[in-house]
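Here is the structure we will look at.
There are 2 protein chains.
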Amino acid sequence: MKREGNLRIKDIARLAGVSEGTVDRVLHNRGNVSDSSYAKVNEVLNKINYKPNLIARSLGRGLKKKVAVLIIEPKDDPYWNAAYTGIIQAKDEWQQYGVTIDTYFYLHDGEASIENVVRRIITSNPDGVVLAPLFHIQALHAVEALKENQIPYVLFNANIPESEPLGFIGQNLYQSGKLAGFLCSLGQHQDDCYAILSVGEDTKESVYLMEKERGFREFYMSNFSHHDINSYVLEMGTPGFYDCIEYLLSDRKLKGIYVTTSNATPMIAEKICHSKRRDIRLIGYDLLEDNLKYLEEGIISFLISQNPKKQAFRGIGYMVNYLLFNKEVPRLDLFPLEIITQHNVDSYIDSTVH
Amino acid sequence: MKREGNLRIKDIARLAGVSEGTVDRVLHNRGNVSDSSYAKVNEVLNKINYKPNLIARSLGRGLKKKVAVLIIEPKDDPYWNAAYTGIIQAKDEWQQYGVTIDTYFYLHDGEASIENVVRRIITSNPDGVVLAPLFHIQALHAVEALKENQIPYVLFNANIPESEPLGFIGQNLYQSGKLAGFLCSLGQHQDDCYAILSVGEDTKESVYLMEKERGFREFYMSNFSHHDINSYVLEMGTPGFYDCIEYLLSDRKLKGIYVTTSNATPMIAEKICHSKRRDIRLIGYDLLEDNLKYLEEGIISFLISQNPKKQAFRGIGYMVNYLLFNKEVPRLDLFPLEIITQHNVDSYIDSTVH
DNA sequence: AATTAAATTGTGTGCGGAAACAATGATTAG
DNA sequence: CTAATCATTGTTTCCGCACACAATTTAATT
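Chains Y and H, in that order, are what the protein sequence lines are. First residue of the first sequence? That's 3 in our numbering, and the numbers climb one at a time after it. First residue of the second sequence? That's 3 in our numbering, and the numbers climb one at a time after it.
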């Protein structure tokens, strides 16, 4: 009478001498079960290590889950466009499981601030939310609102640990900075000097970029006694931006530039390219189209991949699995710090998202 | 009358004015449908982009799929033990979907040769097979047998392209060798010389290791005019093995060793460690425990990760998705060539398998 | 035209579990 | 002592699809 795979509720009921309904009540702690029945069922359960058929379960529940995904308005930022691609892919993937995924965008402030958009999301009554919470303070309020409404949420890209999300998907940025330091130092000399650049609208308030910088400095601090490293916070396209780059490139002792924001790297690479200097090691982030061009040409030596697409995709995956199959979401999923060079870049481009 | 998510077969039937059975026949090309009904159903289908509910589908089909996984007997080879871990994980994962996964092991030859074990597998009547086909010739016969019995199979680790498997999961080894060359060359000088080591029972007949060597040489060939590179094929633990290492380490001009087989690297590292030479760049494969120790210590400079665990896990995943949900298996899934150093190794260790 | 065969179409059941619902027995109030 | 209430237990339906089977229509044969 041995069944092939797992036993079903029906089998447990038979073995315990109770009805299927009772087994169901025990399994889900629904109460209204006599001690004796409870004991009988539990005895069987302990013996057989019951694993519910997840497919049948989700079918039986009627599923139809709704997930809202929230990122900053990508405009023409290739990094966030990549993340958006991941969202689209996830949408395709999960649509077939009866899950609807709606994407929302927010801006730094104003009507479409993260707080306001989250409020709109809550109105739409989603079963779960996946979001990349930039702008710490506002984001904090936003997730508080989710909490109050008991909507589970998963964060990616930037974390708010104190809000205790279901899970976070991202990277260890301090370690990332250290790695950048190491890559920068390979084959360099004692008296060289280096620059850290952070470029963007709101970089000043970003604790994340600070982490990268801290790691970078820490590497040089602990591996080389000296540390002639300057850091600059710039805004893309401003006169100050170009002046700064010019100034840096005129310094013959400068041997490395670490750009902590992915979208600014091509601009710097362009400048280096024109300056004819080939002794500057440029380290940036992410497999964005413009970056790849300069990587091929050897202007960019190393890229560290943050996988925005994969982060978004996986964050949604976790949420859906949680909603559909009650699977646990890992508290912390820190992506590997992938080192990309001319010589392995193709292997990353070719490989699929999953 | 708009339904939330996707339309169901029932809805299509209503819209087309036919019965559910007819829709089903059209969807699955079962035939026995009049031209007029066929047209009516197709018209609706074209209009609405029907996506079947995969959960319901697999439930309805009764699932209970059986997959056989075949790898070389891991003995105490950490590489294949890692692959085995991936198999176990996949087993856990898919058990809940009613899939049973049986693991088989083979040896180089004799009673438990790959051919013989495959024959046994066929007897067990699996719905699909996932295997890592070492020993090219025998493996070729083995997969032919699978083909004759119309059992679909997915390969990983080593490919047999001419047998046209459902899919292959692995890496571009030529590119891998080139990358190793690049990593080896960083900060080295013109007149240095290098060694390529391949260690194992059956390395001679392995086309895969040859690929790595070819890539390595190609890198030096095209980037440096000279190429003082010698390669050695050794058997682990033999006197010749130790002699060779001694000999290599006594050569002051030797500045780099590239070990193409993951399990031999710690042995070499050990020797380097004792020799007190710190000017030799050692490049090996995979995040195996022993390798990690020497990576931390700085004896091993770079590891390239082949992800045996992930390869096995994903191979099985593809097969199951194919059997359960009719999902297409990618012909070729080449993993990224991941560069591991002291400074990003933790980020790889921590990250989950999925 | 009647009979049979073939082609087409419709209906019903099951997959395993969730949840609504109905039924039973026990307990209490009137 | 009966009716009402409650705790416990059993039964049924549904989820969306696949597939077997029954029913119907159409075509072929005598």
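A virtual CB, placed ideally from N, CA and C, is assigned to each residue, including glycine. All figures in this text were calculated on a predicted structure; none of them were measured in a lab.
| Query | Result |
| --- | --- |
| F137/H and L157/H: beta carbons closer than 9 angstroms? | no |
| Check each candidate in S233/Y, F243/Y, T240/Y, T262/Y and name the one with the smallest Cα separation from G256/Y. | The residue asked about is misnamed: residue 256/Y is Leu in this sequence, not Gly. Here the closest residue by C-alpha is S233/Y. |
| Leaving out the 5 sequence neighbours to the left and right, which residues in its chain are closer than 8 angstroms to I342/Y when beta-carbon positions are compared? | L289, L297, F304, L305, I306, S307, Y350 |
| Out of curiosity, what's the CA-to-CA distance linking L211/Y and Y40/Y? | 55 angstroms |
| Work out the CA separation of I124/H and E150/H for me, nearest whole Å. | 10 angstroms |
| What residues match up with A197/Y in a beta bridge as DSSP calls it? | N232/Y, I259/Y |
| At a Cβ threshold of 9 angstroms, is S345/H touching chain Y? | The question names Ser, but residue 345/H in the sequence shown is His. With 9 angstroms as the cut-off, H345/H counts as an interface residue toward chain Y. |
| Given G217/H, which residues of its chain have a CB within under 8 angstroms of its CB, disregarding the five upstream and five downstream residues? | L175, Y176, Q177, S178, G179, K180, L181, A182, G183 |
| Is the shortest distance between the beta-carbon of I57/H and the beta-carbons of chain Y less than 9 angstroms? | yes |
| S224/Y touches chain H at which residues, Cβ-Cβ below 8 angstroms? | Those within 8 angstroms of S224/Y in chain H number zero; the least Cβ separation is about 11 angstroms. |
| Taking DSSP as the reference, what is the three-state secondary structure of S36/Y? | coil |
| Using a Cβ-Cβ distance cut-off of 9 angstroms, determine whether G88/H contacts chain Y. | no |
| Would you verify that the beta carbon of G183/H is, or is not, closer than 9 angstroms to some beta carbon of chain Y? | yes |
| Between D348/Y and chain H, is there a C-beta pair that is closer than 9 angstroms? | yes |
| Would you list the one or two residues that DSSP bridges to Q340/H? | Checking the sequence shown, residue 340/H turns out to be Glu, not Gln. In DSSP, E340/H forms a bridge with S307/H. |
| With C-beta atoms as the reference, is A266/Y less than 9 angstroms away from I73/Y? | no |
| Would DSSP call D129/H helix, strand or coil? | coil |
| With which residues is T240/Y paired in a DSSP beta bridge? | Note: T240/Y sits in no beta bridge, so no partner. |
| Indicate whether at least one CB of chain H lies closer than 9 angstroms to the CB of Q91/Y. | no |
| Using CA coordinates, which residue listed in E340/Y, I318/Y, P135/Y, T24/Y is at the minimum distance from S115/Y? | P135/Y |
| Spatial neighbours of N83/H within its chain, please: CB distance less than 6 angstroms, with the 5 preceding and 5 following residues excluded, ordered by chain position. | P76 |
| Straight-line CA distance for P268/Y to H191/Y? | 26 angstroms |
| What did DSSP end up calling H315/H once you bin it into helix, strand or coil? | Position check: residue 315/H holds Phe in this sequence, whereas His was assumed. Correct three-state label for F315/H: helix. |
| Alpha carbon to alpha carbon, what distance is there between D94/H and T102/H? | 9 angstroms |
| Which residue comes first and which comes last in the alpha helix (DSSP H) that contains I139/H? | 138-150 |
| Since P241/H meets chain Y, which of its residues come closer than 8 angstroms, beta carbon to beta carbon? | Result: empty, since nearest Cβ-Cβ is about 36 angstroms, beyond 8 angstroms. |
| Output, in chain order, the set of chain Y residues within a Cβ distance shorter than 8 angstroms of K180/H. | H345 |
| Does the pairing of the region 317-333 of chain H with the region 319-334 of chain Y give three or more beta-carbon distances under 8 angstroms? | no |
| Report yes if the CB atom of S264/Y is closer than 9 angstroms to the CB atom of N309/Y, and no otherwise. | no |
| Is G286/Y helix, strand or coil when you go by DSSP? | strand |
| Compile a chain-ordered list of the residues in the region 28-59 of chain Y whose CB is closer than 8 angstroms to at least one CB of chain H. | K53, P54, N55, L56, I57, A58 |
| Per DSSP, what are the beta-bridge partners of Y106/Y in this structure? | L72/Y |
| Between G286/H and G300/Y, what straight-line distance do the alpha-carbon atoms span, to the nearest angstrom? | 25 angstroms |
| Does the beta carbon of L17/Y come closer than 9 angstroms to any beta carbon on chain H? | no |
| Between the Cα of A271/H and those of I247/H, E164/H, V28/H, I90/H, spot the shortest distance and give me the residue it belongs to. | I247/H |
| For F218/H, would you say it is in contact with chain Y, using Cβ-to-Cβ distances shorter than 9 angstroms as the test? | no |
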